[in-house]
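Engineer: Read top to bottom, the protein sequences are chains A and B. One point on numbering: in our numbering, the residue at position 87 of the first sequence is 652, and numbering is uninterrupted. One point on numbering: in our numbering, the residue at position 199 of the second sequence is 377, and numbering is uninterrupted.
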Amino acid sequence: MSGALGFLRAPAVVRLAGVAIGVVFLAAALGKIGDLGAFATQVHNYRLVPVWSENLIAMTMPWIELLAGLALVLGVRPRAGAVVLLAFVLVFTFAVGSAWARGLDFECGCFGKASAATVGARKFAENVGYTLLAAIAVLRTRPRAR
Amino acid sequence: MTNDSGTGPETGTTLARGVLLIVAAGVALGIGFNALQHSAGSQRALAWVGREAQLASLEEVSAERPTGGVLEPGTTAAADGADPGPAGGAAAEADANPAADGPRTSEAGTSSRPAAPGSGPDRRETPATRAAPAGEAAPAPAPGLPPIPDTREPLEVQYSTVKKFHDAGAAVFVDARSLDEYAAGHIAGARHLSADAVFEDPALAAGLDTQGRPIITYCSSADCNLSRDLAFALIEGGHRKVLVYKAGIAGWEAEGQPLVPGAAPGGASP
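1) Look at the alpha carbon of leucine 421 of chain B and the alpha carbon of glutamate 433 of chain B, and state the distance between them as a whole number of angstroms.
2) Can you tell me whether histidine 370 of chain B is helix, strand or coil according to DSSP?
3) Just the Cα atoms here: how many angstroms apart are leucine 651 of chain A and phenylalanine 211 of chain B?
4) When DSSP labels each residue in this structure, what does threonine 329 of chain B get in the three-state scheme?
5) For tryptophan 127 of chain B, which residues in chain A fall below 8 Å Cβ to Cβ?
6) Buried or exposed for glutamate 619 of chain A, please, with buried defined as at least 16 other CB atoms from any protein chain shown within 10 angstroms of its CB.
7) For isoleucine 629 of chain A, which of helix, strand or coil comes out of DSSP?
8) Measuring CA to CA, which of A:Leu621, A:Ala633, A:Ala686 and A:Val638 is closest to alanine 664 of chain A?
9) Please compile the residues from chain A whose C-beta is within a distance smaller than 8 Å of the C-beta of leucine 193 of chain B.
10) Answer yes if the segment 575-592 of chain A comes into contact with the segment 604-615 of chain A, meaning at least three C-beta pairs across the two stretches below 8 Å, and no otherwise.
11) Measuring only between beta-carbons, confirm whether arginine 171 of chain B sits less than 8 Å from chain A.
12) For proline 281 of chain B, name the three-state secondary structure that DSSP assigns.
13) Which residues of chain A have a Cβ atom closer than 8 Å to the Cβ of arginine 200 of chain B, listed in chain order?
14) Is the segment 355-363 of chain B touching the segment 384-393 of chain B in the sense that three or more CB pairs, one from each, lie closer than 8 Å?
15) Can you pull out the residues from the segment 342-358 of chain B whose beta carbon lies closer than 8 Å to at least one beta carbon of chain A?
16) Let me know the alpha helix (DSSP H) ranges lying completely inside the segment 585-626 of chain A, each 4 residues or longer, listed in chain order.
17) Given a cut-off of 8 Å, decide if arginine 705 of chain A and arginine 574 of chain A are closer than it, judged by their beta-carbon atoms.
18) Per the DSSP calculation, tyrosine 396 of chain B is bridged to which residue(s)?
19) For leucine 698 of chain A, count the other beta carbons within 10 Å of its own beta carbon; 16 or more makes it buried, fewer makes it exposed. Which is it?
20) Going by CA-CA distance only, name the one from B:Val205, B:Arg406 and B:Leu236 that's closest to phenylalanine 377 of chain B.
21) Quick one: residues in its chain with C-beta nearer than 7 Å to the C-beta of alanine 539 of chain A, no 5 flanking neighbours on either side, listed in chain order?
22) Tell me leucine 466 of chain B's beta-bridge partners as DSSP assigns them.
23) Are the C-beta atoms of alanine 605 of chain A and some chain B residue less than 8 Å apart?
24) Based on DSSP bridge pairs, tell me the residues matched to histidine 364 of chain B.
25) Determine the DSSP secondary structure at alanine 220 of chain B, reduced to helix, strand or coil.
26) Buried or exposed: threonine 395 of chain B, going by 16 or more other Cβ atoms within 10 Å of its Cβ?
27) For a contact defined as C-beta to C-beta under 8 Å, what are the partners of phenylalanine 143 of chain B on chain A?
28) Given that a residue counts as buried once 16 or more other Cβ atoms are within 10 Å of its Cβ, and exposed if not, what is serine 220 of chain B?
29) For valine 589 of chain A, which residues in chain B fall below 9 Å Cβ to Cβ?
30) Out of B:Ala202, B:Lys341, B:Gly190 and B:Ala349, point me to the one whose CA is closest to alanine 425 of chain B's CA.
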C-alpha cells in the first residue's frame, strides 16, 4: 500500500496527473464559456439547484474551471488547482450519478455543447476516472530527500 | 509554489489561499464577462437571476383567436396580429425568438424534461402554440368553454376557466403531487399521476387516457413546478391539449372549493 502510494506521490506522477486533469477541464471550461446559455440549460436539466441560482452557477463555474485547469497545466499553485478540480469532479460525479439514478436522460453538459454525451453509466465511469486523476494531483509529492 | 509541494508548516494556509484565489478570480471573471456581454447588448448574456420560462396563457391565446380550435402551423400566438395589453409578455418573446420553436433540437430532443431553461429572456422557449401534426380527435367543446389549441407547450389557465372545465367534466384533471398529498385532499375527479413517476416511466404519460379531452395539471401552489414538469412530460408523451392550473391546490381552496380526500379520484368529474 505504502509502495503504491509512494509511486503515486512521485513528483512526476503527480505532475502528469495534474496536467491531464487540467487539460480535461480546460477543454470543458472553454466548451461551456463558448455557449453559456446552453450550459445554463444543462444546469437546469439536473434540477439539483434552485432555479434562481442556475444562471449564476452557469456564468461563474466555467471560469473557475478554466483558472484551476490553467494552474495545473502551467504549474502555478498546482495543488490549489487540483483541490478545486477535485471538488468539481466530485460534485459532477454526484450530479451525473443522481441524474442517472433518477432516470433522467439528457446531455450531461460536461463539456458544454462540444459533447453530446448523455448522463449514464459510461459518463459516470468517466467521472470516476477523472476523480482519481484529480485525487492524485492533490497528493503532496514525496520529498526527494528523506 | 515550493510551499505547495513541500511539507512546510504554512502549506495548509498557502493551499487554502490558492483555492480561494482561484475561486474568487473565477467568480469575478464570470460575473465580469457576463456584465460585459450585458453592456454590449449581446444575445448571449445570461439573466442574473434564473427563472422558469413563462408559459403562455390559455385565456390570452383564446382571446386572440376566439374561433380557432387549432392554430395554423408556423403561427405563434404573437403572430396573430395586434396584441392587447398584458398578453404581450410571453407572446412577444415568441415573436422575437421564432428560431427556438419548431422541431426539437438535439438538445431538447434527448431530454425527458424539455424546455424551461430558466436562463433569461434570450434563452426562453417560446410558447409553441402550433398545430400538432397528429392532434387527438377532440370532441366539440361544450358551450362556454374556450377552445384549446393543440400546442407543443403547456398553456397556463386561470381559476375561472378551470372551474368551467371542472363543472362541465370537460377536462381530465391530473394531480402531479405525491400519492400521500393526493390522498390528503385533491380536486374532485382528479387522477393521480405524480411527475416523478412519469419521469421514471415516460410510458405513463403516453398511457393516460383522456378520451380526447384536454388535460389540466396542478400541484400544491403557484410555487411548485410539478404541474408544469408533468405537463411537459405529457406533451412528450404525445398529448396535445395540456393546461397547467398554476395556482394549484392552494388556489382551488382559496376560491372556496372543496378537496376530496382518499386515494380514488372521487367526485362527479371522471
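Every residue, glycine too, gets a C-beta built ideally from N, C-alpha and C. Everything numeric in this text was worked out from a predicted model, so none of it was measured.
Structural biologist: In terms of the structure at hand:
1) 19 Å
2) strand
3) Leucine 651 of chain A and phenylalanine 211 of chain B have their C-alpha atoms roughly 25 Å apart.
4) The DSSP-derived three-state label of threonine 329 of chain B is coil.
5) This structure does not reach residue 127 of chain B, given that chain B is present from 179 up to 448, and the question cannot be answered.
6) buried
7) Residue state, collapsed to three classes: helix.
8) Among A:Leu621, A:Ala633, A:Ala686 and A:Val638, the Cα nearest to that of alanine 664 of chain A is on A:Ala686.
9) Contact annotation for leucine 193 of chain B against chain A: Arg644, Ala645 and Val648 [CB-CB distance below 8 Å, chain order].
10) no
11) Lying outside 179 to 448, the shown extent of chain B, residue 171 of chain B is not represented and no answer is given.
12) Below a pLDDT of 50, predicted positions are generally treated as unreliable, and proline 281 of chain B, at 35, falls in that range; the measurement from the model is reported next regardless. DSSP places proline 281 of chain B in coil when its eight states are reduced to three.
13) Reading off the sequence shown, one finds isoleucine at residue 200 of chain B, where the question assumed arginine. Under the 8 Å cutoff, chain A gives Ile629, Leu632, Ala633, Ala636, Arg642, Ala645, Gly646 and Val649.
14) no
15) none
16) 601-611
17) yes
18) For tyrosine 396 of chain B, the beta-bridge partners assigned by DSSP are B:Asp353.
19) buried
20) B:Arg406
21) One cannot answer for residue 539 of chain A here, as it falls past the ends of chain A, which runs 566 to 711.
22) Chain B is shown only over 179 to 448; residue 466 of chain B falls outside these bounds and no answer can be derived.
23) yes
24) B:Val438
25) It should be noted that the sequence gives serine, not alanine, for residue 220 of chain B. Three-state result, serine 220 of chain B: coil.
26) Under this definition threonine 395 of chain B is a buried residue.
27) With chain B represented from 179 up to 448, any question about residue 143 of chain B goes unanswered, as that position is not in the structure.
28) exposed
29) Chain B residues near valine 589 of chain A: none, gap ~16 Å exceeds 9 Å.
30) B:Lys341
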